[in-house]
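Going by the working numbering, the first residue of the sequence shown is number 1, and it counts up by one from there. Every residue, glycine too, gets a C-beta built ideally from N, C-alpha and C. On a predicted model such as this, the values are computed, not experimentally measured, just so you know. Below: the structure, in C-alpha cells.
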Amino acid sequence: MISVTNRSRRAPRWSSVKLFGAAWINRHRVAIWAANPATNPTNTTRKTQTSHCIRPPYYLRAPRARAPEYNHRVIVGIVKETAPGERRVAATPDSVTKLIQLGFTVTVESGAGVAAGFDDGAYAAAGATIGDNAGAWSAPVVVKVRPPLDDEAARLGHGQTLISYLYPAHNADLVRRLADRGISAIAMDQVPRTTRAQKVDALSSTGNLSGYRAVIEAVAALQRPLGGQTTAAGKIQPCKVLIIGAGVAGLAAIGTARSLGAIVRAFDTRPVVKEQVASMGAEFLQVELEEDGSGQGGYAREMSPAFIAAEMALFAAQAKEVNVIITTALIPGKRAPILITADMVHSMKRGSVVVDLAAEMQGNCELTEPGRAVDVNGVTVIGYTDLPSRMSQQASTLYATNIVHLLEEMGGAAAFTLDEQNDIVRPMTVLKDGVLMWPPPSLPKPAAAKKPAASHGKAGGHSAPADESSSSGGWWPLLAAGIVLFGVGLGAPQSFLTHLTVFVLACFIGYQVVWSVTPALHTPLMSVTNAISGIIVIGGMLQIGGGLTSAASIIGVAAIFLATLNISGGFLVTHRMLKMFRR
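Spelled out as C-alpha cells, the structure:
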C-alpha cells in the first residue's frame with residue numbers, strides 16, 4: 001500500500017498508482033492532493049516544474065474552456081478609396097477589433113485610413129494585417145465605400161463578395177461587369193427601410209452628416225451671420241432658410257439651422273413629416289392642393305402635374321424671400337427632380353446660397369454643377385458631392401459600424417453566408433455568384449385590420465339574424481350588472497355607496513385617460529400622471545392607519561406599492577426626456 005499522508009516519503013510513480021484503479025483514486029483524491037498540492041488541478045499557485053510531481057489522470061483534471069471555432073479563411077479586405085476627393089475608409093481600428101471578435105481575419109491596405117485620420121499603426125494595434133493593394137483586393141470579402149471603378153472591378157474574381165455603395169439603378173454597366181466576374185455584391189445603398197435594418201442603414205448615417213454639413217457650407221458661403229444679432233451699430237435680422245425635403249438629411253439641416261438662430265421653413269410632399277418639422281421649431285409649408293407623396297420605403301413618390309405646378313409656384317415665391325435654400329429631394333432609381341429653376345436662382349437676393357444635396361444624382365437645382373460651387377448673378381450654388389467625406393473621420397466611424405452590423409447579420413465568420421431568407425441581407429444583395437438578384441421581391445405588407453360588421457342595416461332595411469342575436473346578447477351583462485348594483489344599494493350603508501361611486505368614476509376616467517392616448521405616447525404619459533399616483537398613495541396611507549388587520553388595509557398597501565412604481569417610472573421617464581434637451 002502506498003502511503004499518501006507522509007510527506008517525507010517520495011511520491012509514488014504513476015505506474016504504481018494505476019494499480020489501485022480509478023475507483024480507489026476517486027475515493028482518495030483529497031488525500032492525494034493533500035500529500036502533493038501540485039496534483040490538485042484547482043490549485044493555481046502550484047509549481048509547474050517539480051521533479052516529483054504526479055500528473056493527475058484526465059478524469060481528475062479541470063476541464064479547459066474551448067475557444068470558439070471560427071472559419072479564419074474568411075478574410076475581410078479593407079481597400080483604399082481611389083475616387084477623386086474621397087477621404088473615407090470602410091473600417092476603423094475600433095471596427096477592426098469587433099470584426100476580429102466575430103472571427104474574421106482583417107487585411108487593411110497600407111494607407112487606406114490615412115485621409116480619415118487612422119494610420120497603419122492603429123490598425124495593426126487593433127489586430128489587422130497591413131498588406132498591399134493586391135492582398136486587400138484578393139480577400140474573400142472586399143469592403144469599400146464608393147462603387148468600384150473600372151480597373152478596381154477588374155481585380156475581383158469568382159467567389160469573392162463585394163460590400164460597398166453600388167446604386168444599381170444608375171450603374172447598370174458596373175453591375176453587368178461585376179456579374180461577368182462571377183462575384184457576389186451587396187449594396188449599402190439598398191438597405192430596407194425597416195426597424196430591424198436601422199443598424200445597417202448607411203444612407204441614414206451619412207445623410208445626417210450631409211444635412212449638418214450643408215448648413216455649415218451655406219454659412220461659410222453666406223455673406224452674413226445666420227442668426228440675428230443686436231449690436232451698437234444696429235440690429236441684424238436672422239436669415240431665412242428654406243429646406244426642401246424633410247428626410248434624414250433635411251431634418252438634420254433643420255436642427256442645425258435652428259440652433260444657429262435662423263428662421264427655418266421646410267417643405268415635403270409627405271404630410272406625415274409635418275409633426276416632425278414642427279417639433280424641431282420650423283414652419284411646414286404646404287400647397288393648397290391635397291395630395292399624399294408618401295412612397296415605398298419612406299421615400300417620396302412622383303407627384304401629379306397639378307401638384308408639381310403648385311409646389312413650383314410656392315418655391316418661386318419663397319426664393320425671393322429666403323437667404324438659403326437646401327434641397328434634398330431624391331426619387332429611388334431615377335434622376336433627382338428639378339425643383340429650383342434658373343429663374344428662381346436669378347430672383348434670389350445677391351449673396352444668397354443654394355446647397356444641392358442631390359448633386360450626385362444631377363441635382364435639384366437647374367444650375368447645379370456636381371462637385372463644384374458656382375456663382376450665378378451673386379448667388380452661390382453649391383453642388384458638392386463629398387459632404388460626408390469632408391467629415392471623413394466621423395463618417396468613416398459610422399459607416400464602419402454599419403459594416404460590422406451587416407457582417408454580424410450575415411452570420412459572422414462561423415456561418416458567413418448570403419441568406420436569401422434574411423429580410424435585411426436579401427434586399428441588399430445585387431449579385432450572388434454572378435447571378436442578378438436585384439431588384440428584390442417586395443416585402444409582404446402587414447394584413448389590414450378587419451372592420452367589424454355593422455350591427456344595424458340602412459334605414460328601412462333588415463339586419464342579419466346573426467347581428468340581431470349579437471346585439472341582443474350584449475344587453476344581458478349590463479342588465480345583470482344593474483341588478484347587482486341595485487341590490488347592493490338597497491342594503492349597503494351610505495359611506496359604502498359613496499366610495500363605490502368614486503371608484504366607478506375613477507375607473508372610467510382612468511380608462512379614458514390611458515386608452516384615449518396614442519399607444520406610442522403611453523411612456524411619456526407616465527411623466528404627467530405622477531400627481532394622480534401621488535393622490536393614490538395618500539389614499540392608501542389613510543386606509544392602513546389601523547394596521548394590516550382588514551381587507552381595506554391590505555388593499556391600501558397594494559395601492560401604495562403600485563402607485564409608487566408608477567411614480568418611480570414617471571420620474572425616470574422625465575429624467576430621460578430632459579436629457580434629450582441637454583447639450
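| field | Nearest neighbour of T161, chosen from L500, L431 and D180 [CA to CA] | value | L431
| Distance, Cα to Cα, S469 vs F486? | Low confidence applies to S469: its pLDDT is 45, below 50, so where it sits in the model is not reliable enough to give any reading.
| request: Identify, in the order they occur along the chain, each residue of the same chain with its Cβ nearer than 6 Å to the Cβ of G281, setting aside the five sequence neighbours on each side. | output: R258
| said: Assuming L587 is part of the alpha helix (DSSP H), what are its boundary residues? | reply: As displayed, the chain neither begins before 1 nor continues past 583, which places residue 587 out of reach and without an answer.
| field | Own chain partners of G228 with C-beta closer than 8 Å, once the 5 adjacent residues on each side are dropped | value | K235, I236, Q237, P238 and G261
| Opposite T129 in the DSSP bridges: which residues? | T107
| message | I'd like the ranges of any beta strand (DSSP E) spanning at least 3 consecutive residues and lying wholly in the segment 403-442. | response | 429-432
| query | When you compare only the Cα positions, how much space is there between S550 and I509? | reply | 28 Å
| task | From the DSSP output, read off the bridge partner residues of I325. | result | L242 and V354
| said: Spatial neighbours of L339 within its chain, please: C-beta separation below 8 Å, excluding the five flanking residues on both sides. | reply: I244, E311, M312, F315, T327, A329, N364 and C365
| Skipping 5 residues on each side, what residues in its chain have a beta carbon closer than 7 Å to that of Y70? | Low confidence applies here, because Y70 scores a pLDDT of 42, under 50, leaving its location unreliable and the question unanswered by this model.
| For P337, which residues of its own chain have a beta-carbon under 7 Å away from its beta-carbon, when the five flanking residues on both sides are left out? | A329, I331 and N364
| Is it true that the CB of Q543 sits closer than 9 Å to the CB of G556? | yes
| task | Rounded to whole angstroms, what's the CA-CA distance from R265 to G351? Just pull it up for me. | result | 19 Å
| query | For the candidate residues T231, L222 and D119, whose alpha-carbon lies nearest to that of V379? | reply | L222
| query | Buried or exposed: where does M541 fall if 16 or more other Cβ atoms within 10 Å of its Cβ makes it buried? | reply | exposed
| Three-state class that DSSP yields for A373 in the structure shown | strand
| message | Measuring straight from C-alpha to C-alpha, what distance separates W476 and G482? | response | 10 Å
| said: If you reduce the DSSP assignment to three classes, tell me which class G570 lands in. | reply: helix
| A202: which of S396, F267 and P168 sits nearest, CA to CA? | S396
| field | Cβ separation of A116 and I75, assumed to be a contact under 8 Å, to the nearest whole Å | value | 22 Å between Cβ atoms; not a contact.
| request: Could you tell me the distance, in whole angstroms, from the CA atom of E274 to the CA atom of F307? | output: The question names Glu, but residue 274 in the sequence shown is Lys. Straight-line Cα distance between these residues: approximately 17 Å.
| said: Assuming F496 is part of the alpha helix (DSSP H), what are its boundary residues? | reply: Q494 to W515
| message | Buried or exposed, going by whether 16 or more other CB atoms sit within 10 Å of the CB of I183? | response | buried
| Shortest alpha-carbon distance to V106 belongs to which of N171, Q362, D132 and N530? | D132
| task | Give the secondary structure of L565 by DSSP, where H, G and I count as helix, E and B as strand, and everything else as coil. | result | helix
| query | I think T82 touches L149, with their Cβ atoms under 8 Å apart; what is that distance to the nearest whole Å? | reply | 6 Å
| task | Just grab the DSSP bridge partners of T161 for me. | result | V141 and S184
| request: Return the bridge partner residues of Q597 from the DSSP annotation. | output: This structure cannot speak to residue 597, because the chain is shown only from 1 to 583.
| task | Please classify V513: is it buried, with 16 or more other beta-carbons within 10 angstroms of its beta-carbon, or exposed? | result | exposed
| field | Candidates L357, G333, V322 and A358, of which the one nearest V345 by Cα | value | V322
| query | To which residues of the same chain is I100 closer than 7 Å at the C-beta, ignoring the five residues directly before and after it? | reply | V106 and G127
| request: Express the C-alpha separation of Q276 and V96 in angstroms, rounding to a whole number. | output: 36 Å
| message | So, at 6 Å on beta carbons, what are the nonlocal neighbours of I560 in its own chain, with the 5 sequence-adjacent residues on each side left out? | response | V537 and G540
| said: Here's the rule I'm using: 16 or more other beta-carbon atoms within 10 Å means buried, otherwise exposed. How should M410 be labelled? | reply: buried
| task | For W511, count neighbouring C-beta atoms within 10 Å of its own C-beta (all shown protein chains included) and say buried if the count is 16 or more, exposed if not. | result | Checking the sequence, you will find Tyr at residue 511 rather than Trp. Label assigned to Y511: exposed.
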